[in-house]
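Enquirer:
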């Protein structure tokens, strides 16, 4: 039985020395002096806040994208033992000793380092020579902008890593298609393509561009497979299902898992709660959950409630009233009803309480058993402190003259009768018999007499800063919106705080309104409900874009007419800038132009049945252009359609693909246009000179990439190769 032990166990392995050497060089270039500077560098001040919130398990919303990238940065902090205690308020602030700087910057640096061997393998899988692949990897290795971006707690290097991994995985899968379909390695690379695409999108939504490119590429490849008569219908169906599973279903499931982990980690209430719905806030530990815990679930006649506007931005606000009345005449000369003011107030206050009253009865307490309010029921809303009824009528609102004024009715014994009946419409109901529920139900109040809908004018505050004048205490306007098409969130309200009223007497009721409730009813949201709300907030919540000193336009990126100063030493001239390798960027632009011109020339010639290059070379040329040129286009052109503040680092995924196009064009020129030995020798000499130029530029600007050594003012002036570059020189 043990005879096999008589012979030694031998393991053989093939080691790609090029790949190993490139990986080591990539690690050295990105990890060297990683802790320097031990200070907050540019957007570390932004991402560091989220890392601290992860460490403290406090919920937050970042409108820049999904949470996967933030979780990876937080993982670095967790592995380094970071407790989250650091004030991220200033670029250049020195890190305290409890901040594990090396650990926080490690994952972006590793991702940036691995982009070097990935570039090599992508060119190999595109069937270019190892010399061309080595050139692509060295260009990525010596790209100053990629070095700078990968050495700090930023997300672009992680995004580029997953993008390149997705491209490489798909190419490996495609190359296995002809002779190893449905093999283990075929499945591995196909599944890894979907996983990498999902991770890229999970880091930043910019990853969606490359994901769509690969989906289109896979679709075109499958379209060609349909024309293959050697494949049966069953085989085609299996291929289609495999691709759908790996490239669509699994990425969607993985994307959901990012949010699941995110929400599982961040279970505590925090400063970003206010933009979420009351139901979401109540699901978090602390904050609103402490106030609403144990409230009655079903709203009944006699319930005492606060009504929060669902829109929740630019700030949360609650339906509110106070004893002050609208002025008889406004500053523009229009008249008002002089009724009691109704506003939307952005703070919790006893004047936010309302009582749900049955129009057919006088009592303001909940009966036993309670009579729940359902969708379509008619109610009156009585202000808890002043006991006046919510009312609207055909009088122009103070700031929105095309809408109706909303007030609490005061009987002045004039020809202005009360119009205080409201129909409850549950927007998110499952059936027309649904009961109005605390926190969970989103409700519109439709005025019975005029069909106007109760609406908070919060967007006025958001766009122009308009709010009610001094007589309205700068609170937000509430109106009756006559044109109520659709369910705009500013017309939708939900009950946030709720108790069953027990006191019929006004003084006793006022005491009751000030006291907390103590009932035990749970209102937990499902994961999908929380995911849907959070995803919608990420997509729709936009911070006001302000002009930044280092913001730029997409046109500035191609010629690198802009830079970003990331860090400046407080005393010396040491500084870090996001600047690309000028030689590489110029060569990438030239390669893209040459590729476009040659492709058009070949297409015109092929239209005339003139074939300048063999068919296999043409297919190689087009496939490489589709991946490299297409990757550049899909990651660059969409920025011309975006209305947001743009920075040079947004161009890095695109320029990475453009750099990969350089060796593609160079090998094509060498193989098909340099036909004589003399031309090939001259071309090789030019390549050596060109690459020496690239290396020279890398060395020249490396002090601005690594922040050391410190340069003198004269040396800094010498590095200002363009007038548009903002190199910082101390006087």
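Numbering (the numbering used here), first residue to last: 627 to 1357.
Every residue, glycine too, gets a C-beta built ideally from N, C-alpha and C.
Note that the structure is predicted; figures quoted are calculated from it, not measured.
Under 7 Å Cβ to Cβ from residue 1265, same chain only, skipping five residues before and after it: list those, please.
Expert: Counting from 1 along the chain shown, the entry for residue 1265 is found at position 639. Contacts found: 1180, 1272 and 1276.
Enquirer: Less than 8 Å between the CB atoms is what I'm expecting for residue 999 and residue 926, so what's the real figure, rounded?
Expert: For the purposes of this step, residue 999 is taken as residue 373 along the chain shown, with counting starting at 1. For the purposes of this step, residue 926 is taken as residue 300 along the chain shown, with counting starting at 1. The pair is a contact, with the Cβ atoms about 6 Å apart (cut-off 8 Å).
Enquirer: Can you give, in chain order, each stretch of the alpha helix (DSSP H) that sits fully within the segment 847–913 and has at least 4 residues?
Expert: DSSP runs (the alpha helix (DSSP H)) wholly in the segment 847–913: 859–870, 876–891 and 904–908.
Enquirer: When you compare the segment 694–705 with the segment 663–680, are there three or more beta-carbon pairs, one atom per stretch, that lie closer than 8 Å?
Expert: They touch, by the three-pair rule.
Enquirer: Would you call residue 753 buried or exposed, if buried means 16 or more other Cβ atoms sit within 10 Å of its Cβ?
Expert: Taking the chain shown and counting its residues from 1, the one referred to as residue 753 is at position 127. With fewer than 16 other Cβ atoms within 10 Å, it is exposed.
Enquirer: Can you tell me the Cα-Cα spacing of residue 814 and residue 828, whole angstroms?
Expert: The sequence position of residue 814 within the chain shown is 188, counting from 1. The sequence position of residue 828 within the chain shown is 202, counting from 1. Answer to the nearest angstrom: the Cα atoms are 21 Å apart.
Enquirer: Could you have a look at residue 1048 and say whether DSSP puts it in helix, strand or coil?
Expert: Mapped onto the chain shown, residue 1048 falls at position 422. Correct three-state label for residue 1048: strand.
Enquirer: Considering Cα atoms alone, identify which of 663, 950, 1001 and 821 is closest to residue 870.
Expert: As a position in the chain shown, residue 870 is number 244, starting the count at 1. Closest option to residue 870, Cα to Cα, is 821.
Enquirer: Helix, strand or coil for residue 967? Go by DSSP, reduced to three states.
Expert: Reading the chain shown from its first residue, position 341 is the one you call residue 967. It is a strand residue.
Enquirer: Quick check on the DSSP output: the beta strand (DSSP E) that includes residue 931 runs from which residue to which?
Expert: By 1-based counting over the chain shown, the position of residue 931 is 305. Its beta strand (DSSP E) spans residues 929–935.
Enquirer: On the three-state DSSP scale, how would you describe residue 1034?
Expert: Here residue 1034 corresponds to residue number 408 of the chain shown, with the count starting at 1. DSSP places residue 1034 in strand when its eight states are reduced to three.
Enquirer: Rounded to the nearest angstrom, what separates residue 662 and residue 1333 at their Cα positions?
Expert: If you number the chain shown from 1, residue 662 lands on position 36. If you number the chain shown from 1, residue 1333 lands on position 707. For residue 662 and residue 1333, the distance between alpha carbons rounds to 8 Å.
Enquirer: By DSSP, does residue 1353 sit in helix, in strand, or in coil?
Expert: The sequence position of residue 1353 within the chain shown is 727, counting from 1. Three-state DSSP puts residue 1353 in coil, outside helix and strand.
Enquirer: Taking just the CA atoms, how far does residue 979 sit from residue 987?
Expert: Mapped onto the chain shown, residue 987 falls at position 361. Mapped onto the chain shown, residue 979 falls at position 353. Near 20 Å, if we compare the C-alpha coordinates of residue 979 and residue 987.
Enquirer: Are the C-beta of residue 1179 and some C-beta of chain C separated by less than 8 Å?
Expert: Annotation note: the requested chain C is absent from the structure, which comprises a single protein chain.
Enquirer: So, for residue 931: in the same chain, excluding its five sequence neighbours on each side, which residues have a beta-carbon less than 6 Å away from its beta-carbon?
Expert: On the chain shown, residue 931 is found 305 positions in, with the first residue counted as 1. Contacts found: 980, 1121 and 1124.
Enquirer: By Cβ distance below 7 Å, which residues in the same chain neighbour residue 891 in space, the five residues on each side in sequence not counted?
Expert: Counting from 1 along the chain shown, the entry for residue 891 is found at position 265. Within the same chain, residue 891 has close Cβ partners 680 and 683.
Enquirer: Closest to residue 1268 by C-alpha separation, out of 1048, 1330 and 831, would be which residue?
Expert: The sequence position of residue 1268 within the chain shown is 642, counting from 1. Ranking the options by Cα distance to residue 1268, first place goes to 831.
Enquirer: State the Cα-Cα distance for the pair residue 1089 and residue 970, rounded to the nearest angstrom.
Expert: By one-based count along the chain shown, residue 1089 stands at place 463. By one-based count along the chain shown, residue 970 stands at place 344. Residue confidence for residue 1089 is low, a pLDDT of 39 falling below 50, so the modelled location carries little weight; the figure read from the coordinates is stated next. About 17 Å.
Enquirer: Measuring only the C-alpha atoms, how far is residue 693 from residue 1160?
Expert: Reading the chain shown from its first residue, position 67 is the one you call residue 693. Reading the chain shown from its first residue, position 534 is the one you call residue 1160. Cα to Cα, the separation comes out at about 11 Å.
Enquirer: Return the first residue and the last residue of the beta strand (DSSP E) that residue 675 is part of.
Expert: The sequence position of residue 675 within the chain shown is 49, counting from 1. From DSSP, residue 675 is part of no beta strand (DSSP E) but of the alpha helix (DSSP H) over 670–681.
Enquirer: Is it true that the segment 1016–1027 meets the segment 954–964, where meeting means three or more beta-carbon pairs spaced less than 8 Å apart?
Expert: Yes: the two stretches touch, three or more of their Cβ pairs being nearer than 8 Å.
Enquirer: Where DSSP assigns a beta bridge to residue 1212, which residues make up the other side?
Expert: Working through the chain shown from its first residue, we reach residue 1212 at position 586. BP columns for residue 1212 are empty, so no partner.
Enquirer: According to DSSP, residue 1096 sits in a beta bridge with which residue or residues?
Expert: Within the chain shown, numbered from 1, the residue matching residue 1096 stands at position 470. In the DSSP output, where bridge partners are listed per residue, residue 1096 has none listed.
Enquirer: Give a yes or no on whether the C-beta atoms belonging to residue 1105 and residue 1071 are separated by under 8 Å.
Expert: Here residue 1105 refers to the residue found at position 479 of the chain shown. Here residue 1071 refers to the residue found at position 445 of the chain shown. For residue 1105 and residue 1071, no; Cβs fall outside 8 Å.
Enquirer: Work out the CA separation of residue 1353 and residue 1148 for me, nearest whole Å.
Expert: Walking along the chain shown from the start, residue 1148 turns up at place 522. Walking along the chain shown from the start, residue 1353 turns up at place 727. The predicted model places residue 1148 with a pLDDT of 43, which falls under 50 and marks its position as unreliable; any figure quoted below should be read in that light. Near 58 Å, if we compare the C-alpha coordinates of residue 1353 and residue 1148.
Enquirer: Which class does residue 804 belong to by DSSP, given the choice of helix, strand or coil?
Expert: Counted from its first residue, the chain shown places residue 804 at position 178. Note: residue 804 maps to helix in three-state DSSP.
Enquirer: Is the beta carbon of residue 649 less than 8 Å from the beta carbon of residue 743?
Expert: To locate residue 649, count along the chain shown from 1; it is residue 23. To locate residue 743, count along the chain shown from 1; it is residue 117. The answer is yes: Cβ separation under 8 Å.
Enquirer: Run through DSSP, which three-state label would residue 654 get?
Expert: Against the chain shown, residue 654 aligns to sequence position 28. Looking at residue 654 - three-state DSSP - the assignment turns out to be helix.
Enquirer: What number of angstroms, rounded off, separates the C-alpha of residue 1103 from the C-alpha of residue 977?
Expert: Sequence index remark: in the chain shown, residue 1103 carries index 477 (1-based). Sequence index remark: in the chain shown, residue 977 carries index 351 (1-based). For residue 1103 and residue 977, the distance between alpha carbons rounds to 16 Å.
Enquirer: Can you round the beta-carbon distance between residue 1076 and residue 1030 to whole angstroms, since I take them to be within the 8 Å contact cut?
Expert: Stepping through the chain shown from its first residue, residue 1076 is reached at position 450. Stepping through the chain shown from its first residue, residue 1030 is reached at position 404. Yes, residue 1076 and residue 1030 are in contact; Cβ-Cβ is about 7 Å, under 8 Å.
Enquirer: Whole-angstrom Cβ separation of residue 1279 and residue 785, contact assumed at under 8 Å?
Expert: Looking up residue 1279 in the chain shown gives position 653. Looking up residue 785 in the chain shown gives position 159. 6 Å between Cβ atoms; contact.
Enquirer: Decide if the segment 1202–1214 is in contact with the segment 756–772; the criterion is three or more beta carbon pairs, one per stretch, under 8 Å apart.
Expert: Yes: the two stretches touch, three or more of their Cβ pairs being nearer than 8 Å.
Enquirer: In whole angstroms, give me the CA-to-CA distance for residue 718 and residue 1346.
Expert: Stepping through the chain shown from its first residue, residue 718 is reached at position 92. Stepping through the chain shown from its first residue, residue 1346 is reached at position 720. Using only the alpha carbons, I get a separation of about 23 Å.
Enquirer: Using 8 Å as the threshold, is the C-beta distance between residue 1069 and residue 1032 below it?
Expert: One-based indexing of the chain shown puts residue 1069 at position 443. One-based indexing of the chain shown puts residue 1032 at position 406. No.
Enquirer: Roughly how many angstroms lie between the CA atoms of residue 951 and residue 1270, to the nearest whole one?
Expert: Locating residue 951 in the chain shown gives position 325, counting from the first residue. Locating residue 1270 in the chain shown gives position 644, counting from the first residue. Cα to Cα, residue 951 sits roughly 42 Å from residue 1270.
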